[in-house]
Every structure is written in structure tokens, then in C-alpha cells.
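Please read the structure below before turning to the comments.
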Amino acid sequence: MNIARLLPRLSRPMGGVRGIQSQLSRFSTSAPLSCPPQSSSQPPAANDSASTPSGRFISALAQNKEWANKTAEEHPELFPTLASGQKPEILWIGCSDSRCPETTLLGMLPGDVFVHRNIANIVHGGDINSASVIEFAVRHLKVKHVVLCGHTKCGGAAAAMGNSALGILDTWLLPLRQIREQNLALLKSLPAAEATQKLVELNVQEGVKTLKQKSVILEAIEERGLQVHGVIYDVGTGSIHELDTKESEETIKSRFEAFKTA
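Residue numbers (the numbering used here): 3 to 264.
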């Protein structure tokens with residue numbers, strides 16, 4: 003299934019998102035010309051520009067009020083509906099990278115997407131954090147789609163392609179380095195930037211495979227047609243494309259026999 007066609011049909015009107023984008027453009031990085039200069043002996047005023055230490059946060063709070071008011075005007079039923087519960091159709095597993103805000107890049111609104119993000123969007127069997135999110139989203143919220151999203155210019159993938167000591171990140175990136183090891187000849191045959199991006203894609207494909215080894219996922223696929231997608235988000239263009247994660251009937255059958263529990 004082409005996720006580029008799928009996702010817009012699941013979203014609400016995009017007016018709220020456009021409103022957010024237009025509001026974000028108002029963030030200031032310098033003090034207004036009419037402001038008197040601050041004495042070095044005085045702390046900056048709380049409502050100074052976003053260039054002060056606390057200014058960016060203060061500005062963000064102000065933007066939130068504008069966004070909430072505008073969204074309530076454009077979608078009067080949204081917040082009252084969300085106050086009574088959530089019914090997202092998508093579980094999004096993505097990277098913590100600040101350039102990849104799932105609700106914004108999908109053109110959706112609060113309540114549309116259940117989210118789990120971590121460094122380099124890694125999915126592995128021993129991670130109880132992601133396992134808990136997946137269990138809740140699939141079994142209790144009954145999402146219709148699980149989307150694993152990698153992205154271009156991924157710092158986690160770049161780190162896994164190197165051999166510098168990174169402290170606790172070395173432990174976290176171990177599954178990514180294992181993928182690197184398993185595909186070392188292929189990755190060495192590519193220029194550095196292409197090799198890193200290839201690792202990003204391999205990581206998503208491996209993650210999709212891991213997702214399909216979870217009994218809760220297999221159960222939902224069998225009982226109600228849950229779909230699992232692997233996609234790449236291009237931070238340079240804002241576009242998403244879906245990776246080919248199709249499997250043979252024999253592979254699917256073998257996975258059900260090996261991993262589905264009752």
C-alpha cells in the first residue's frame with residue numbers, strides 16, 4: 003500500500019497545521035528596535051525577545067495560546083472531543099530528531115497519531131519502552147497502521163557508521179551497529195553519505211521485520227488487517243516515501259508459526 007496516498011485520507015482538515023506553521027514564523031531572534039538597551043547589571047525582562055535566555059520559552063508559551071485559540075476556531079469540536087479520549091488510527095515510531103515532528107509533517111492534528119520516538123528510530127526485542135507503546139497502541143487503542151519512520155541526515159546512523167566512543171549511546175546504538183556488521187561489504191562499497199543513508203533504510207527494514215515478530219502485531223494483522231509500513235522522511239524536502247517491505251507468503255506463514263502466541 004502506498005502510504006503517501008493513505009495518510010492524507012486519515013487526517014482532518016489541515017487548517018490547524020497551517021496556522022501553526024504561520025504562527026511559528028513569527029518567532030523573533032532579536033529585540034524590537036523600540037526596546038531600550040538593558041543594563042548589564044540588570045536581569046533581562048521576562049517578556050523580552052526570544053534572544054534572551056528565557057525568551058524562547060516565553061515566546062513558545064505565547065505561541066501556544068495563539069495556536070490553541072486559532073485551532074479552536076477552525077475545529078470547534080477538536081478539544082472537547084480529545085478531552086473525552088483518543089482514537090488514533092496510526093502508531094508512529096520515529097526518531098527523536100527535532101526536524102521530524104510527525105503530526106506536523108503528516109498534516110494532522112492532535113489525537114490523530116500515537117507516538118513513540120527514540121534516537122535513530124530503533125526497534126529491538128529487548129526494549130520494554132517501545133514494546134509497551136506498541137502493546138497499548140495495537141491492543142487497546144486498536145490503531146489501523148503502524149508506521150516506522152527513518153529519515154535522511156540521521157545523526158544516530160552517522161554515529162553507528164563511525165567508531166568513536168559515545169558513552170551510553172554505544173549501548174543504545176548496538177542494534178544499528180549489528181546491522182552495519184551484517185551489511186559491511188555493501189556499506190563499504192558506497193560513498194560515506196550514501197552508506198549512512200543505506201544504513202538508515204536497512205534499519206527501517208529490520209525494524210519492520212522485528213515489529214512483525216511481535217505476537218500482538220501478528221494477532222492484529224490476522225484478526226483485523228493491521229498494516230505495518232516502513233518509510234523514510236526527507237528532512238531536506240519534507241516528503242515521505244515508503245520502502246518496499248513486501249514478503250512472500252512462505253515468509254509470512256513461517257513468521258506466524260514461529261512467533262504468534264495464544
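Glycine included, every Cβ here is placed at the ideal spot set by N, Cα and C.
- Across the structure, residue 184 and residue 85 are spaced so that their CA atoms are roughly 47 Å apart.
- With a threshold of 16 other beta carbon atoms within 10 Å, residue 249 falls short and is exposed.
- DSSP places residue 229 inside the beta strand (DSSP E), whose first and last residues are 229 to 235.
- Here the C-alpha atom of residue 57 lies approximately 14 Å from the C-alpha atom of residue 66.
- Here residue 82 is exposed. Its C-beta has fewer than 16 other C-beta atoms within 10 Å.
- Taking each of 142, 198 and 164 in turn and checking the Cα distance to residue 155, the smallest one comes out for 198.
- Between residue 98 and residue 121, the CB-CB gap stays under 8 Å.
- Just measuring C-alpha positions, the residue of 117, 128 and 225 sitting nearest residue 92 is 117.
- In this structure, the alpha-carbon of residue 221 lies about 46 Å from that of residue 60.
- Cα atoms of residue 127 and residue 152: separation of roughly 18 Å, rounded to the nearest angstrom.
- As summarised for the segment 133 to 179, the continuous alpha helix (DSSP H) elements at least 4 residues long and confined to that stretch are 157 to 163 and 170 to 174, given in chain order.
- In the same chain as residue 168, and ignoring 5 residues on each side of it, the C-beta atoms closer than 8 Å to its own belong to 161 and 175, in chain order.
- Using a 10 angstroms sphere on the CB of residue 192, the tally of other CB atoms stays under 16, which defines it as exposed.
- When C-alpha distances from residue 256 are compared across 136, 89, 215 and 144, the shortest belongs to 215.
- Counting every other CB atom within 10 Å of its CB across the protein chains shown gives residue 141 a total below 16, marking it as exposed.
- Rounded to the nearest angstrom, the Cβ distance from residue 202 to residue 245 is 10 Å, too far for a contact under 8 Å.
- Sixteen is the threshold: since fewer than 16 other Cβ atoms of the shown chains lie within 10 Å of the Cβ of residue 243, the residue is exposed.
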